[in-house]
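Numbering (the working numbering), first residue to last: 1287 to 1336.
Glycine included, every Cβ here is placed at the ideal spot set by N, Cα and C.
Read the structure below first, then the notes.
Structure below.
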């Protein structure tokens, strides 16, 4: 999702779209002059090693 106004809008969208037997993870993309990356805001990534 892009062009969201705030985190509450993204959470509402994710909860509306999530299937009852599925989970979701919410990340935000962070960028600066030298790098970019993902910051996990909510949830547990089942594919993560940690």
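DSSP three-state call for residue i: helix, strand or coil?
i: residue 1326; result: strand
i: residue 1311; result: coil
i: residue 1320; result: coil
What first and last residue would you give for the alpha helix (DSSP H) that runs through residue i?
i: residue 1298; result: 1293-1303
Just the Cα atoms here: how many angstroms apart are residue i and residue j?
i: residue 1294; j: residue 1332; result: 23 Å
i: residue 1329; j: residue 1301; result: 12 Å
i: residue 1322; j: residue 1315; result: 7 Å
i: residue 1309; j: residue 1303; result: 11 Å
i: residue 1292; j: residue 1335; result: 29 Å
i: residue 1296; j: residue 1319; result: 26 Å
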